[in-house]
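Beneath this line is the structure, given in structure tokens, with notes to follow.
Chains as they are written, first to last, in this note's numbering: chain A, 43 to 204; chain B, 522 to 698; chain C, 30 to 398; chain D, 1394 to 1688.
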């Protein structure tokens, strides 16, 4: 059982953090370099952060970057820890963590569906949720839903409508 | 569209029978399916009206499209619809099937069900209450009795139009019987 | 060597035994599943994209539609993430009302789930009774919020309007009826039914190691003996004000999970009684200004709460604008419905596949989104 | 000759009508257990009529032949089972013949399954045949006991042996055997808890998964006739048969409703659990009964 501050101290000591932030009670977010993410997650997993809730991805189009967020939780510390890293938007490639958490395989496939990020080492990158999608991945910020909908689907015509 | 129904005693008997026994395909395509269990079970009990669930498309008469249809489901719905035996009826269920409803600007749901398969009846609401569903079934029965529920005939007649619309959204649709 | 007798079977999306619109493609030999693959995405509506296109308040009616089994969970977790980023503290009465709503939602979800489990093994009478019982709770919801299924009641800054004392009394009456009349009936019909026990015991076993490595939460995790409940781990709403136990089991099979659900219903009844009896007076929502112009500072939050099936999380990013910059939904059954199918289903019998899916609480809309 | 054929047809049609009525009543009763009103009792008639007005699709000759074989097999069985005063064949050995013929219907279903080529159907029919192994064993033991105690293997002979009063019924004479036979009857009729072959939530109604329209109508009629055949057989063997058709039908209805009520409160066994169940207590009880009767 560590408190938030003890945890931050520990992480500062053992990991090469880019930044660390105490968001609120029982919530901490840290940022790691690309190369150190897998080893960092490995370290955290061996320090009771065994629960991988999910992997989120955010498209920061203005910075030309994707941000990957790994949400971890420790049942001992009762702290929710978000581990973040940023990758280049053009390259859109990252390493898989399926050897640490098998379930990440599907989270990564999901991110591949919606953001088009490829994960090296994850051999199955088929479409999971979408089917026959041949536009730019839908969750990217430059994908315009309205335009796509106007093009693909027909709106119902009502009487008295233009 | 010529909906005029020819007065034919034999056809009348057939309609009368069909109206009184409807098997509804148990296929939950969307969130509207959550109001089907109450409709089917003790409180509202649609079996009073001779409507019962059927397990497979071959046995079913009614295809209920319970809510929004993603394109992935639309493909399965088309297969399912084509597996069903005539006469078959389609009920669009909830606002999403009428004009997209809540998901009017979603990239993955269709906005208008009757472009892709013929719909005999729509039930509005998000989501329709069990009473509305029962009312819808009763309306459908009326339509069957008067011979107006002829979507399946329309589908056969205007097959090419439907096919074109389906392929616009889905790409190729493989058809198997 | 004999020829391999593998046959492919499509369990869903169009299959009466599957929970929702969801598919499992599996190969079986004899009667045993040898390999399985999930086929999700039939319910994908692009929620996360839609939410980026709508103002903060306009998302309230949208989020509840993500998971139809328990819509209030979504409203709650969305409102909580808004409040977490904006550092808004809601009035005490609102917190109490939220907890009451969430617990009622939990009871109805559990009853529905027990009914669904009974349907999966062919005990249709229990399914009918379960849906009937759930309907009385929906009546209460209708009285409070105006909607049977989608309530759009919990919103950023509090709840939409107050609960009247008459309704609170009705809730207590309903709970008494549930506790004294309906649950004993279920006890006799389901939990003392020898064949039902036979079907559920040692079926769909999920051991602790798998559960933790998959990130399974909720009754499925507690059935393996761990007392983990977000309501206790990171209390929200008014859960730190009430006294309740988190029931746990040992075996991790379908039977244990169902018994846990039954115990949790009684715990929820206890919680609601405490909340109703101690509900403070006061306002039920904050005035945050023009609803269409809600603004919160740039920031992020991963907020999670305990749904009837486990941890339900939202990751919300705000860039300080009128709309959320990114919302990511972590549905409870995501690990089980995707990876769990691949790893846990092989070895299961064909007739246990629906039992597996129902008892682990697979809810496809929350991972299709 | 013509009169005979007329008799056969009458028997077949009235059995269908009676069976559908029974099914309708059972639906209503089960609905009351489930706290609902339920469909009108004449709903099965409408269902069958409607199915005959529907288009239907065949899956080849084997499929057609299987459907006919299932239906025909059941009708043939009917002719050997005395229904009240209506006895078409009364020769020795009908009891064993009936047991044999009942399998024909299943084999017909199996053929139709092969024709349809649906894996769900093949799982269903393999379950049905497996389950047959289960219930037939105790049932046959009871029947042999019965044949031994009544000194005849003709059904009508057994009925006649039970006349002259309630105390002569086999229900009183061999009570354990009757109970075992009733449990076997549940499996024979595919009632819960032994309805694994058609389990909708697992294998989407099993053998009939590809049957639509007229084919399904035939299957429903076959089911209706099978209800009549099986309940009539039970009444003949254990409840004293009946010279009065109305009393006979009431007895059948009691047996059928009892089975329906049991079905409404139990979930279904897995198929191998069902077989093992039959091979355990019912078989032991049946053997015990045989020992009691023989010695």
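Heads up, the beta-carbon is just placed ideally off N, CA and C, and yes, glycines get one too. All values reported here derive from a predicted model rather than from experimental measurement.
Would you say residue i faces chain C, with C-beta separation under 8 Å as the test?
i, result
"residue 127 of chain A", "no"
"residue 1529 of chain D", "no"
"residue 593 of chain B", "yes"
"residue 1420 of chain D", "no"
"residue 148 of chain A", "yes"
"residue 646 of chain B", "no"
"residue 635 of chain B", "no"
"residue 172 of chain A", "yes"
"residue 623 of chain B", "yes"
"residue 551 of chain B", "yes"
"residue 190 of chain A", "no"
"residue 1509 of chain D", "no"
"residue 1368 of chain D", "Outside the modelled stretch of chain D, which goes from 1394 to 1688, sits residue 1368 of chain D, for which no answer is possible."
Under a CB-based cut-off of 8 Å, is residue i close to chain D?
i, result
"residue 668 of chain B", "no"
"residue 580 of chain B", "yes"
"residue 203 of chain C", "no"
"residue 144 of chain C", "no"
Mind checking if residue i is an interface residue toward chain B, Cβ cutoff 8 Å exclusive?
i, result
"residue 184 of chain A", "no"
"residue 1602 of chain D", "yes"
"residue 1653 of chain D", "no"
"residue 160 of chain A", "no"
"residue 179 of chain A", "no"
"residue 1679 of chain D", "no"
Following the continuous alpha helix (DSSP H) through residue i, name the residue where it begins and the one where it ends.
i, result
"residue 407 of chain C", "No answer is possible for residue 407 of chain C: the residues shown for chain C start at 30 and end at 398."
"residue 55 of chain C", "Per DSSP, residue 55 of chain C belongs to no alpha helix (DSSP H); it is in the beta strand (DSSP E), 52-58."
"residue 107 of chain A", "Not the alpha helix (DSSP H): residue 107 of chain A falls in the beta strand (DSSP E), residues 107-116."
"residue 54 of chain A", "46-56"
"residue 335 of chain C", "Per DSSP, residue 335 of chain C belongs to no alpha helix (DSSP H); it is in the beta strand (DSSP E), 328-336."
"residue 394 of chain C", "393-397"
"residue 187 of chain A", "187-194"
"residue 139 of chain C", "121-150"
Quick one: what does DSSP say residue i is sitting in, helix, strand or coil?
i, result
"residue 148 of chain A", "helix"
"residue 1544 of chain D", "coil"
"residue 75 of chain A", "coil"
"residue 194 of chain C", "helix"
"residue 1449 of chain D", "coil"
"residue 557 of chain B", "helix"
"residue 593 of chain B", "helix"
"residue 565 of chain B", "coil"
"residue 94 of chain A", "strand"
"residue 1501 of chain D", "helix"
"residue 523 of chain B", "Residue confidence is low: residue 523 of chain B scores 42 on pLDDT, short of 50, so the model does not pin down where it sits. No coordinate-derived value is stated."
"residue 101 of chain A", "strand"
"residue 201 of chain A", "coil"
Just to make sure I have the definition right: I need the residues of chain A whose C-beta is within less than 8 Å of the C-beta of residue i. Which are they?
i, result
"residue 583 of chain B", "What residue 583 of chain B touches in chain A: nothing, since even the nearest Cβ is about 23 Å away."
Is any beta-carbon of chain A found at less than 8 Å from that of residue i?
i, result
"residue 684 of chain B", "no"
"residue 641 of chain B", "no"
"residue 182 of chain C", "no"
"residue 347 of chain C", "no"
Mind checking which residues open and close the beta strand (DSSP E) that includes residue i?
i, result
"residue 542 of chain B", "It is not in any beta strand (DSSP E) - residue 542 of chain B carries neither H nor E in the DSSP assignment."
"residue 586 of chain B", "583-587"
"residue 130 of chain A", "121-130"
"residue 135 of chain A", "135-137"
"residue 36 of chain C", "36-40"
"residue 574 of chain B", "572-575"
List the residues of chain D whose Cβ lies closer than 7 Å to the Cβ of residue i, in chain order.
i, result
"residue 149 of chain C", "1594"
"residue 401 of chain C", "Residue numbering for chain C in the displayed model covers 30 to 398; residue 401 of chain C lies beyond these limits and cannot be assessed."
Under 7 Å between beta-carbons, which chain A residues line up against residue i? List them in chain order, please.
i, result
"residue 367 of chain C", "148"
For a contact meaning CB atoms closer than 7 Å, what does residue i contact in chain C?
i, result
"residue 43 of chain A", "Going along chain C, no residue has its Cβ under 7 Å from residue 43 of chain A, so there is no contact; the nearest lies around 12 Å."
Residues, ordered as in the chain, of the stretch 61-85 of chain A that lie near chain C by beta-carbon distance below 9 Å
Those residues of the stretch 61-85 of chain A that come within reach of chain C (Cβ to Cβ, closer than 9 Å) are 65, 66, 67, 68, 69, 71.
Chain-ordered residues of the stretch 217-236 of chain C with a beta carbon less than 8 Å from chain D
Those would be 218, 222, 224, 225, 227, 228, in chain order.
Can you give me, in chain order, the residues of the stretch 149-171 of chain C that have a beta carbon less than 9 Å from any beta carbon in chain D?
Going along the stretch 149-171 of chain C in chain order, one finds 149, 150, 151, 152, 153, 154, 155, 156, 157, 158, 161 with a Cβ nearer than 9 Å to chain D.
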